[in-house]
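Right, one structure below, let's go through it.
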Amino acid sequence: MDLASSGILSGLLMILGGMSVFLQGTGRLPVSKNSEKQATWLMNIGPIFKVGGPIMVIAGLLKLFLSF
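The sequence shown begins at 497 in the numbering used here and counts up one residue at a time.
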């Protein structure tokens with residue numbers, strides 16, 4: 497079974513990407529080394545990433561489970 501054609505690899509990448517996006521949105525994974533830019537980014541884009549990350553994880557899980 498080929499990983500790329502079956503959707504397994506795509507689902508796993510969506511899950512990892514969603515986790516990364518969520519961690520960036522919560523500030524646990526820094527986006528910038530400059531603390532002032534980091535704080536501004538978290539105020540502006542953080543809430544979008546906090547919502548989008550779990551949606552990506554759920555979509556990745558759905559894609560992963562539907563590929564079997």
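In this text, a Cβ means the ideal position worked out from N, Cα and C, and glycines have one as well.
All figures in this text were calculated on a predicted structure; none of them were measured in a lab.
Residue range of the unbroken alpha helix (DSSP H) whose run includes residue i
i      : result
Val553 : Gly542 to Leu562
Coarse secondary structure for residue i, derived from DSSP in three states
i      : result
Leu525 : coil
Gly503 : coil
Close-in-space but distant-in-sequence residues of the same chain around residue i (CB under 8 Å, 5 per side omitted)
i      : result
Ile511 : Met552, Val553, Gly556, Leu557 and Leu560
8 Å contact criterion, which residue i and residue j should meet: CB distance rounded
i      : j      : result
Ser516 : Leu525 : 7 Å
Own chain partners of residue i with C-beta closer than 7 Å, once the 5 adjacent residues on each side are dropped
i      : result
Leu538 : Gly523
Phe545 : Val517, Phe518, Gln520 and Gly521
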